[in-house]
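4 protein chains.
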Amino acid sequence: MPAKNGKQFIDRIDLAKPSVWFRGEEVGGRLSEHPAFRGLMSTQAELYDMQNHPDFKDRMTYPSPTTGDPVGLSFLQPKTKEDLAKRREMMMLWGEKHHGLLGRSPDYMNTGLMAFYSAADLLGEKDPRFADNMRKYYEYCREHDISLSHAFVQPHASRFDELLEDGSIESCAARVVEQNKDGIVVTGAFLLATQGVTTDEILVYPPASAYLPEENNPRTFAFAVPNNLPGIRWICRENLALGDSEYDYPLSSRFDEMDTLVLFDHVLVPWDRVFILGDDRLSMRLFAESNYHVHSAHQVICRYIAKTEFTLGVILYIMESLDRSSHPAAIEKVTEVIAQLETLKSLLIAAEAGAAPDRFGSMIPDRRPLWTANLIFPKVYPRMMEIIQLLGSSAVIMIPSKLDFESAVKPELDKYLRGGGVDAFAKTALFRLAWDLSISGFGGRQTLYERFFFGDTSVVVSRLFHSYTDKETYIGKVKTFLGEQQA
Amino acid sequence: MPAKNGKQFIDRIDLAKPSVWFRGEEVGGRLSEHPAFRGLMSTQAELYDMQNHPDFKDRMTYPSPTTGDPVGLSFLQPKTKEDLAKRREMMMLWGEKHHGLLGRSPDYMNTGLMAFYSAADLLGEKDPRFADNMRKYYEYCREHDISLSHAFVQPHASRFDELLEDGSIESCAARVVEQNKDGIVVTGAFLLATQGVTTDEILVYPPASAYLPEENNPRTFAFAVPNNLPGIRWICRENLALGDSEYDYPLSSRFDEMDTLVLFDHVLVPWDRVFILGDDRLSMRLFAESNYHVHSAHQVICRYIAKTEFTLGVILYIMESLDRSSHPAAIEKVTEVIAQLETLKSLLIAAEAGAAPDRFGSMIPDRRPLWTANLIFPKVYPRMMEIIQLLGSSAVIMIPSKLDFESAVKPELDKYLRGGGVDAFAKTALFRLAWDLSISGFGGRQTLYERFFFGDTSVVVSRLFHSYTDKETYIGKVKTFLGEQQA
Amino acid sequence: MPAKNGKQFIDRIDLAKPSVWFRGEEVGGRLSEHPAFRGLMSTQAELYDMQNHPDFKDRMTYPSPTTGDPVGLSFLQPKTKEDLAKRREMMMLWGEKHHGLLGRSPDYMNTGLMAFYSAADLLGEKDPRFADNMRKYYEYCREHDISLSHAFVQPHASRFDELLEDGSIESCAARVVEQNKDGIVVTGAFLLATQGVTTDEILVYPPASAYLPEENNPRTFAFAVPNNLPGIRWICRENLALGDSEYDYPLSSRFDEMDTLVLFDHVLVPWDRVFILGDDRLSMRLFAESNYHVHSAHQVICRYIAKTEFTLGVILYIMESLDRSSHPAAIEKVTEVIAQLETLKSLLIAAEAGAAPDRFGSMIPDRRPLWTANLIFPKVYPRMMEIIQLLGSSAVIMIPSKLDFESAVKPELDKYLRGGGVDAFAKTALFRLAWDLSISGFGGRQTLYERFFFGDTSVVVSRLFHSYTDKETYIGKVKTFLGEQQA
Amino acid sequence: MPAKNGKQFIDRIDLAKPSVWFRGEEVGGRLSEHPAFRGLMSTQAELYDMQNHPDFKDRMTYPSPTTGDPVGLSFLQPKTKEDLAKRREMMMLWGEKHHGLLGRSPDYMNTGLMAFYSAADLLGEKDPRFADNMRKYYEYCREHDISLSHAFVQPHASRFDELLEDGSIESCAARVVEQNKDGIVVTGAFLLATQGVTTDEILVYPPASAYLPEENNPRTFAFAVPNNLPGIRWICRENLALGDSEYDYPLSSRFDEMDTLVLFDHVLVPWDRVFILGDDRLSMRLFAESNYHVHSAHQVICRYIAKTEFTLGVILYIMESLDRSSHPAAIEKVTEVIAQLETLKSLLIAAEAGAAPDRFGSMIPDRRPLWTANLIFPKVYPRMMEIIQLLGSSAVIMIPSKLDFESAVKPELDKYLRGGGVDAFAKTALFRLAWDLSISGFGGRQTLYERFFFGDTSVVVSRLFHSYTDKETYIGKVKTFLGEQQA
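Chains as they are written, first to last, in full-length UniProt numbering: chain A, 1 to 487; chain B, 1 to 487; chain C, 1 to 487; chain D, 1 to 487.
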């Protein structure tokens, strides 16, 4: 199946029947009909439908090098600046559809997989089969438009040592417990596989140790498996929507990407799905040399821009509906958002303008502007949500539901809740959206998510700091200046 | 009925049967059994029970000047610093019980009413009956331990003018549409009467115009009425809890103070419940000269302190459970909270230390430290919530429910989710609390609420600025200094 | 004289002999030898020398359309993106020479004049002579490489009305007091003509009233005159350098751009130097339609970048010399600066990438990224200075002078003050630079200057806000989204 | 000599003739007549004069327990809350005289010495003579009103190891190089002995190692010596005033506390001046158990308050002179300062209200509010300086000198520079003060100084964090709450 459509997406998920646990029960039946997943899956389906829609198809797919059939553009390894532009255009199309609210829009994982694939040679340094596995897996995903999630965060408890009855010491960290002719056997758990159960497969790669790198570390591996492999269980958090109504819960009813704790209990990963095994240094090099975080950041900044544009729209609309469009304090706040939008857009333009090829032939955007975006957005986003609250004030809380507008009190609501140039029903729709974005449980989770999207602050800071490999140039300017002064 | 207990509180509310609208339907039956109100009412009942509990009774009540029976201490007009200390001790007892999560803890409105009562003489300047009404109403509330809410925010739409069919121009602002022998007839709406339907009565006083003060302004009045008067309807927002479980939703299931839009449709307010009518200047003077905002701020800072202490506990417990108690970045963040707690406590101490009597014989705390607290807390509180998110990270999202801990996956949860010195079930309880405080829809509403609790920033700023009536003293220091330099 | 060199610059200033007042005395003799001006003038001379230096000449000049001789590139009206790139390259060359420390680097005013020139047609709407005057004046400046300053800020006192003895009311606002056959006669004062006395001429244009625009407003005009016209006096503030030593005062001894209060006392401005007279609307249109603030912002962002790069160099060098290059708290701070540098660079790239021609044939960079830079830099710059202080700590204060290093205590200084990989003398040079940048009176003035460089915050905010002319596009995204949800 | 006066202060300093190096030369003659010191010394003399002035004497001195003569109140060991109040009143009198601009107002060091004295018993644990030395030295200082500075910061270079010619390894860290019958011989250097040369003696105590505490560490000691001991040299930074005029430089001409690098070259410290020798643990305990940082913080917060009040006066006066007293943006900014002033005052009140005796019989203020002040002021102070700049704008730069006002341009200055309700000369005096406070080199050094006054941020944070010894109480509130929820 080349670039799939929404129905194909849903059918495949519904058929897979992974072991999903929700509020203490294993979920049976079609996932796409379950209240906790149906809204999100329908949103995802709309994204996939765009791939086959005449308005977008040309901009969202390219001919498969294998079959010539249209496959998703996010799988394309960019070799020229034009490729980067094509990829960006496609990512923007999806981003503008989901307004940046989906962190796991399909292009996110497709891009990461493409990065690994482009550097597959590297994996062959250990064993040529690993390189081959990666190339084949990439092709498989591209040709079948596989939806992916990923997992790599070990639970905090994995840092504790446990004393067993027999006197041995054990940690609960995920690890390879056995290797046999069919593959490796893995046991452990990973936190926060977002959208783990509404995708086909999962890519697993816990970060390798940078301190005492080993060559046969049982905790170091990278592999990909279908979600329904025996021994895999998915524990979901609750759904964050207070109800189904799209009027009442315009975001939470349709964009809540379920986070899961994924459990591996003696899961057999077939050899042809293993990409890294035991080698800490290779694991670290794969990330660095494949430019994984650069390719991903290119996708992420498109999402940031779409989200900021949508937020700007919400804020401007609030100002309008409250007749505050020329209020100085409101203007100052919305202009903060405008400045951030201009900044993000400029960082994207600069990243593409400064792109250069790497040794694998990929055209790599300038990492510095991209990683700057990753540094600032975790502060920009919460501030934008704060601005919505500050401008909306009590109007973001006193928001009747659709049922209220269908009841006997409708005339009063119509009378008392109308806004500037907008009737009460439309104004309430806006403020319910503002609430769902910045105040509801869904909104709270989005804010938390953006704070940590590309890692803890210290990680993001360090990534950008170390990307400045020419620090001596800047110090040199000062030394030259001082030299001239003293001459 | 003197200081009431929880059962009495609930029974009275259940009997009153005001016209409450929830999700498009009028609520019938006992409010205390309705899913949207029962949690909150049970929490309130616990507060009232304290008044009659031997551990607290002496500190929470005083003998009624009328009957000698114990009545609620928050009704006490403070005449000495000792009275202030007694009031503060009582407010802290309640605050520590609800951890500052109830903005409409009974002492809040009781205090406001006491302020008006203490300045009742003022009302008599217009008409002695108004002063008398206030005194009698205060006594009625004190002796019957009436629960109050209040309303004063006109809907935004009240600023629009409407052209009627007959050519006349009308606004939907609340106003007196008729006066007759029985009372005044009021029509209009007020936003955000918090806890409007879980209290007995409502005090209504839209702010008077400071620009063109009138003497017979139909939009200017102050009165109090039972919630179930004919013509009053209450439109509720949705309940913010995702469920009933106290384990899963430790705050939202029990502390969600319902906000309401209250509609008045030709409501007859009896004359003996009218305190102000038409006189803008008197209305403004009542607030200023009764020290309404000082007395209230004394209650509010107690609540701030209780909430900050609870938040500090949550943060310290998170640090402990994640083994980050000696992590410098974590220490820096929690110390911010410590500094804010010390600041709030000191502002309270200073306010009481600097108290002085007003012309009505009330002992008034120093308003400056109190209004400083009102200025800083709207920034401090969101920052504390941010700190919870920054320290908790993904652990605040991946929080299984109680049902999960009762299911087949319990062993894995126990294994993978335990923390430092705390088992998985207890750690998850903590993180569910942290989530409900800082991320859930309930948490989001709390944050918004604190931002605006004592008014828009510009109002709070202005209040503090104008409390500095001795600005010339500070300028004088500079003039003296400059004079000496030039001498 | 085409593009001049340093000696020519100095000679012309020295010959002009304007009426300069410094510390209560009129300055006589050669300005270039006066302690308050010689350092700055020598720095400026170095800039002009670059224009004739073989390494830079091609990149700093272009052939005069009149004579074919090389003239300064900052006079070039850009008609293509290549022109913009050439202009930027030239501005960067100068910016990297003075490290952004000169707000009145010659390209700043040349650019502004070019903007007015490019829109000269507009001036002709009132009177064709005004358009002609502007064209001729521009050509004169370009062909003679005239150095310009400008003035437009009326003193605060100009807002007061004064009651004269004869009963008439007068304000001290600058105005045309007479028109005669030779020109207009102007009386008044302007604040803060930076570098007023180390340039050849001054461009004067007080902002026109936007509230009650008049057609014959005596306070509305624009003209340019030599600095030494009769009736013009320049009142200087003190020089901010504590001494002459370039080791001790690496910045203040050479980069202190003297600010002046310029007084006009019945100054006759010849008709051919008048560009606008009396017409408020035209005055406002000139700024808007000439894209004055866009062209200027293109120059300004180059300066911002040069200054940020230099500051980054200082900070990295401090980290190195204090062995803190791998200290997490230091890395976090310097990475803030890196992120700001990336942002500024990206805004510049985006502005040029998005350039489009205006109706006068000028290629105009995208104003949004440029005005975003103007909004953020007033906050970024003080923060960078704060970071220097936080990283440098007491080492930025305990900085011996060159004389100390030449005295008997040299051995001890060498011993106790050396840094990581750098001897005591060089380390002290660095910290004296850091001090002069972030702490000295010179540094303090630079910080204040950057806060207000492109106007008060509210002006800069408003400019960016109103540049978003497509706000409906953003609101439209939200309306579409809500429409879909409700469909 | 009991509590001395200004003349006595000056005479003693002038007689001492320590080895002071200023700009490469050893200073001869009377220090009180040297341009770099005379302004400061005259300011200090005014402080000492207050001790003998009838208006202040009773509030600034107390009868010596030895002689009954009046001695400085800052030497008083507080044993009751009344003692604390007396100390505070005295510290406020001095603080209001120097407006918090002197970090080394005499009460600062007197207080530190008193803290050590009060815990002298502790020193006796090692050797009874050390306790005795401390008691006698304290009495000597109190009875002779000795002015003290202190030094403890080792130069950064002290962390490097040096390889000597003979193969041995040496560091330049200060240390005891010999002990003989007369005393200990010390070599090394200390950074930033503020006011080192305008005081009589210096107290030296480098911090002991907390990592590998030794008992005979040659780098660990505490002693006090006169400034003119053979082998001590003082290297001064430059004076930060641009001139002598008190009109022009109202602060820098009189409040520049000279920072010095003090060099010890085989200085013999007599045994009776040694308080600690070699014992790291004792050194650390001395600071902790003497409550040194609490007593000091009590003095420091008085200084903070005086400085904030003065700054508030400057800001209010600026608003008035620019007619911005009712401008919302200005009100918001000045109200920030008001809130900080209220906070500081409240922290002081709370610290005294919560005082309790320690085991040495000293009444110790509550450390938490005081250390909170130390945490916030380093951020509050720079922000206040920023506010001055933001409100003053260009008016803080274009400030003519006194000489200008005495010259031919006076009429124009009088006309164009007058403010709201204030003439040009007085307004300029105000803005010169604002400049000297927030922008000049003096102002820059004050800002840096406040950032680090009580140590690096991490030290101040850690001090406050660890003062919360009852963290379990706060965690307990949460555990109780969760327990109730689950019950």
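No residue lacks a Cβ here, since even glycine has one placed at the ideal position from N, Cα and C.
Contacts that residue i makes with chain D (C-beta to C-beta distance below 8 Å)
i: K86/C; result: Near K86/C there are no residues of chain D at all, since even the closest Cβ is about 34 Å away, more than 8 Å.
i: T428/B; result: Neighbours of T428/B on chain D: none; closest Cβ ~10 Å, over 8 Å.
Per-residue DSSP class, three states only, for residue i
i: G419/A; result: strand
i: T335/C; result: helix
i: D259/B; result: strand
i: F221/C; result: strand
i: R367/D; result: helix
i: T343/D; result: helix
Closest residue to residue i among the options (Cα-Cα distance)
i: V380/B; options: I397/B, F405/B, R367/B and L341/B; result: L341/B
i: I338/A; options: Y468/C, D280/C and L122/C; result: Y468/C
i: Q51/A; options: S19/A, L93/A and L76/A; result: L93/A
i: C141/A; options: T480/A, Y117/A and T447/A; result: Y117/A
i: Y205/C; options: G483/C, P65/C, M41/C and V186/C; result: V186/C
i: L417/D; options: K471/C, H156/C and R135/C; result: H156/C
i: V153/B; options: P78/A, M398/A and E386/A; result: M398/A
6 Å CB neighbourhood of residue i in its chain, flanking five on each side removed
i: Y317/D; result: L430
i: K4/D; result: Y48 and D145
beta-carbon residue i near the ligand SAH non-hydrogen atom, thresh 6 Å
i: S326/B; result: For the ligand SAH, the structure offers nothing, since it holds no ligand at all.
Proximal residues to residue i (C-beta, below 7 Å), its chain only, five neighbours per side dropped
i: E165/C; result: none
Listed by chain order, chain C residues near residue i by CB distance under 9 Å
i: A173/A; result: Result: empty, since nearest Cβ-Cβ is about 25 Å, beyond 9 Å.
i: I349/A; result: S346, I349, A350, A353, G354 and P369
Chain-ordered chain C contacts of residue i [CB-CB under 7 Å]
i: M398/D; result: L191, L192, R237, D259 and L261
Chain B contact residues for residue i, given Cβ-Cβ distances below 7 Å
i: H327/A; result: Residues of chain B passing the Cβ test: none, with the nearest at roughly 11 Å.
i: F155/A; result: A small fix is needed here, since residue 155/A is Pro in this sequence, not Phe. Near P155/A (Cβ distances below 7 Å), the residues of chain B are Y416 and L417.
Partner residues on chain B for residue i, Cβ-Cβ distance less than 8 Å
i: H99/D; result: K477 and F481
Within chain A, partners of residue i - CB distance below 7 Å
i: Y474/C; result: E309, L312, G313 and L316
Contacts that residue i makes with chain D (C-beta to C-beta distance below 9 Å)
i: F255/B; result: Under the 9 Å cutoff, chain D gives no residues; its nearest Cβ is about 11 Å from F255/B.
Taking any Cβ of chain C, which residues in the stretch 448-459 of chain D have a Cβ under 9 Å from it, in chain order?
Of all residues in the stretch 448-459 of chain D, the ones placed with a Cβ closer than 9 Å to any Cβ belonging to chain C are L448, Y449, R451, F452, D456, T457 and S458, in chain order.
Mind checking the stretch 355-369 of chain C against chain A and listing, in chain order, the residues whose C-beta falls within less than 8 Å of any C-beta there?
R368 and P369
Interfacial residues, the stretch 376-391 of chain B to chain A, with Cβ spacing under 8 Å:
P382, E386, Q389 and L390
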